[in-house]
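These notes are about the structure you will find just below.
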Amino acid sequence: MAEKKFIIGNEALGRAARAAGARAFYGYPITPTSEIAHFWAKEACSEAGKKDNLVFLQAEDEIGAGFMLVGGVLAGTRSFTATAGPGHILMQDAFSMAEAMRFPVVAYIMQRGGPSTSTVIYSQQEVNLAVFGGNGNGYRIVYSPATLQELYDYGIKVFNIAWKYRFPTFLLGDGYLAKMMGEVEIYAPEERGIKMEPTEAYLLEKNRTRPLAEVMPSPEIAQRIAEDGVQYDCFRNCLNLEEETLAVNMEIKAAFDAAAKDIVEFQEYGAPEAATLIVAHGIVSEAAKAAIDALGGKSARLFRPITLRPFPVEELRRAAKGAERIIVAESADNMLARFVKDALCGYISRPVEEYFRPSIGILPSEIAALVGK
Amino acid sequence: MNENIMDQAVKSAFPKCVRVDSKPHIFCPGCGHPEVLKALGFAIDDLGLQSKVAFGVDIGCSLLAWDFFNLDTIETHHGRTIPTMVGFKRANPAGVAIAYVGDGGGYAIGLSHVINAAIRNENILVIVVNNAVYAMTGGQEAPTTLQGMKVKTAPCGADQYHINAPEIIRNVNPTAFVARSITTIQFGLRKMLKDALQHQLDGKGFAFVEVLSQCPLNWKTLDKPQETFDFLEKTLAKAYPVKKY
Ligand SMILES: Cc1ncc(C[n+]2csc(CCOP(=O)(O)OP(=O)(O)O)c2C)c(N)n1
Ligand code: SF4
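Sequences listed follow chains S and Z, in order.
Anchor point for the first sequence: position 56 equals 55 in numbering that gives the first Met the number 0, and the numbering is continuous, going up by one each time.
Anchor point for the second sequence: position 92 equals 91 in numbering that gives the first Met the number 0, and the numbering is continuous, going up by one each time.
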């Protein structure tokens, strides 16, 4: 039965993974995410956790954790990690492999200050890394939740999206949300009519329901039925020729583009006729909503991408039509704004106004002041 | 000598679990990798593990083994095969996890994974093929390169020290299966790999086998087999004793 709990964001995430039927956590401690690992470690050694065969493994570093996560996915287990900042950087090695082979790894990333070690507190500066962190084209799915409740809701959803579409899927929160306490409604997915997407092993799966070619680029797969009548599957991550590599990239792109239409999510807030359009994501979009309310709800409206990747390009273009001013506010320098300008290039006549505050929170009063300018 | 292994060796030149249509293999002529793989294939056959093994290969010449066997196989990323197989085994304890890596993958870029997997006594088998160089990338210095060896990144001769991994593993894990073998003693190698796999099947934890192996291409002995095997058996095996630890 659904119940309201007064908890911190990290616990909401731990509970979300549990509710989603995740079985394995591989990670390395880093503030501001460590309570996710603490939650799972405790859960794994509880009676219920043992019954469910939960896996908790503290790796030697985030490179190890990332590849263990790949291993968990290869075993067909809903597996996840949690990280931030420098740990997020190290995990790109494994995320890149997951992108290449379309492995549905899931990570809760709670952004901290950057660059480098910086502060353990807050920023929105891991957007580029989450979206484009590999040596590929950013075929990843990135959600930006804005509230504690959304940590829980999207904390469940990322597993379904990852396993349905078979792309690395990230929940990109921030340190404020991770450490904030508040009321969260905890529910089982089925209570809300959410059906969990089935998982399937890549290795040692002898009764496949989804053909591998549907979930992986075909040049990476070699399947044979051996003398013993059993099919054996071999996967490769190293290609020989440019043509093969092109084929792999085009297959990934085609799958990503087809999925993007279903996946893309956004939110609008405020009166549709309001002249000023604020574009913000994550916790800053909550500040923007408060500013819009404080201004009486008529002078400004919000466009909030919930998926930063795929980005709601068409939807933003539609929202931008008729706006006299467009303000992008983010706790980073030109990360969200770059996506916005890219989407609106050729569609608007005035430049977007930039409010960039790397590594620091943005208050409703600051946004209200921008609108009033 | 295990009789079963002897029987099989006499009956067949190839292990049953070898994928015939990916042969001839694409390692260089005279390379040690196929020798190690063949011994591993026989060990797997002997234990009846073909449908239970998850075989992970690294980036390095081991990547060429991605379709060597009729075994479920994943070619991973340079140095990262061990954590991948650790994650797999934790999530699927019924599978038999094998990580097959080079000495660069195992002792340089992936060293912390090897040591920490040993410290945690992960129930996997790690095979490190020690050919004393980075072979795939054209013969650079590895942590196993012996003093004075002239390699691409040490043209005046490699420096003084090299890694003796089994000793380190034994030091951090008193109960692990730890051994060093060599391609030229095929029966011994098969037996070693079989025992190492049995260690995993018995749930005893970390098993580690380093195999001394020849790289005629980068040793520049492609047309001089005698020199290849002299270096392997006399020089390498002297610095790296072949034994169970
Ligand atoms: C992260 C990363 N760094 C470097 C490389 C380039 N690289 C490919 S194989 C290799 C070394 C292989 O040597 P070893 O592991 O000893 O295996 P061998 O080829 O000798 O069997 C290197 C450095 C890479 N693929 N990935
Ligand atoms: S380069 Fe050396 S290790 Fe690699 S295939 Fe050739 S002989 Fe074998």
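Virtual Cβ for every residue (Gly too), placed ideally from N, Cα, C.
Secondary structure of residue i, DSSP reduced to three states
{"i": "V214(S)", "result": "helix"}
{"i": "V247(S)", "result": "helix"}
{"i": "Y27(S)", "result": "coil"}
{"i": "G165(Z)", "result": "Per the sequence shown, the amino acid found at residue 165(Z) is Pro instead of Gly. P165(Z): helix per DSSP, three-state reduction."}
{"i": "S298(S)", "result": "coil"}
{"i": "I275(S)", "result": "For the record, residue 275(S) in the displayed sequence is Thr; it is not Ile. Residue state, collapsed to three classes: strand."}
{"i": "Y186(S)", "result": "coil"}
{"i": "S78(S)", "result": "strand"}
{"i": "G269(S)", "result": "coil"}
{"i": "F54(Z)", "result": "strand"}
{"i": "V69(S)", "result": "helix"}
{"i": "N91(Z)", "result": "coil"}
{"i": "D232(S)", "result": "strand"}
{"i": "E264(S)", "result": "coil"}
{"i": "T32(S)", "result": "coil"}
{"i": "M0(Z)", "result": "Confidence in M0(Z) is poor, its pLDDT being 47 and thus under 50, which makes the residue's placement unreliable; the coordinate value appears in the next sentence. Of the three classes helix, strand and coil, the one that applies to M0(Z) here is coil, per DSSP."}
{"i": "M96(S)", "result": "helix"}
{"i": "V351(S)", "result": "coil"}
{"i": "D51(S)", "result": "coil"}
{"i": "A331(S)", "result": "coil"}
{"i": "G101(Z)", "result": "strand"}
{"i": "P224(Z)", "result": "helix"}
{"i": "D256(S)", "result": "helix"}
{"i": "A367(S)", "result": "helix"}
{"i": "K372(S)", "result": "coil"}
Cut-off 8 Å between Cβ atoms - residues of its own chain near residue i, not counting five sequence neighbours on either side
{"i": "S117(S)", "result": "G84, R111 and S358"}
{"i": "I123(Z)", "result": "I81, M84, V85, K88, A96, I97, A98, A116, Q199, F205 and A206"}
{"i": "E42(S)", "result": "G13, R17, G48, L53 and F55"}
{"i": "L362(S)", "result": "A286"}
Cβ neighbour criterion (16 or more within 10 Å) applied to residue i
{"i": "Q213(Z)", "result": "buried"}
{"i": "C60(Z)", "result": "buried"}
{"i": "P216(S)", "result": "buried"}
{"i": "L12(S)", "result": "buried"}
{"i": "C44(S)", "result": "exposed"}
{"i": "M0(Z)", "result": "Because the pLDDT at M0(Z) is just 47, under 50, the model does not fix this residue reliably, and the point stays unresolved."}
{"i": "E140(Z)", "result": "buried"}
{"i": "N239(S)", "result": "exposed"}
{"i": "E121(Z)", "result": "buried"}
{"i": "T75(Z)", "result": "buried"}
{"i": "K260(S)", "result": "exposed"}
{"i": "R209(S)", "result": "exposed"}
{"i": "C30(Z)", "result": "buried"}
{"i": "A161(S)", "result": "buried"}
{"i": "F390(S)", "result": "The structure shown has nothing for residue 390(S), since chain S only spans 0 to 372."}
{"i": "V229(S)", "result": "exposed"}
{"i": "F133(S)", "result": "Correcting the residue type first, residue 133(S) is Gly in the shown sequence and not Phe. G133(S) is buried by the Cβ-count criterion."}
{"i": "R22(S)", "result": "buried"}
{"i": "I224(S)", "result": "exposed"}
{"i": "Q91(S)", "result": "buried"}
Cβ-based neighbour list, residue i, same chain, cut-off 7 Å, excluding 5 preceding and 5 following
{"i": "I305(S)", "result": "Y142, S143, E264, F265 and Q266"}
{"i": "F269(Z)", "result": "Since the displayed chain Z opens at 0 and closes at 244, residue 269(Z) lies outside it and no answer follows."}
{"i": "V214(S)", "result": "R101 and R165"}
{"i": "L301(S)", "result": "E267, Y268, G269, I277, A279, S284, A287, K288 and I291"}
{"i": "D118(Z)", "result": "The residue asked about is misnamed: residue 118(Z) is Ile in this sequence, not Asp. The residues are V171 and N172."}
{"i": "T143(Z)", "result": "D102, Y106, N129, A131, H161 and I162"}
{"i": "G20(S)", "result": "R77 and M195"}
{"i": "E242(S)", "result": "none"}
Contact set for residue i: own chain, Cβ-Cβ below 6 Å, skip 5 residues either direction
{"i": "F54(Z)", "result": "L70, T72 and I97"}
{"i": "L221(Z)", "result": "P215"}
{"i": "R14(S)", "result": "I185"}
{"i": "K243(Z)", "result": "A178"}
{"i": "A40(S)", "result": "F55"}
{"i": "R235(S)", "result": "E219"}
{"i": "L211(S)", "result": "I220"}
{"i": "G156(Z)", "result": "G147 and K149"}
{"i": "R356(S)", "result": "S330"}
Cross-chain neighbours of residue i in chain B, by beta carbon under 8 Å
{"i": "V214(S)", "result": "Absent from the structure: chain B. Protein chains present are S and Z."}
Margin query: Tell me which residues pass a beta-carbon proximity test against ligand 2: closer than 5 Å to any heavy atom, given in chain order.
Written below: F26(Z), C27(Z), C30(Z), C60(Z), A134(Z), C214(Z) and L216(Z)
Note to self: For a minimum of 3 consecutive residues, which ranges assigned as the beta strand (DSSP E) are wholly contained in the stretch 146-197 of chain Z?
What the structure shows: 176-181
Checklist line | Whole alpha helix (DSSP H) elements within the stretch 115-184 of chain S, 4-residue minimum | finding: 126-131, 147-164 and 174-178
Item checked: Secondary structure, alpha helix (DSSP H): runs of 4+ residues fully inside the stretch 22-49 of chain Z -> 32-46
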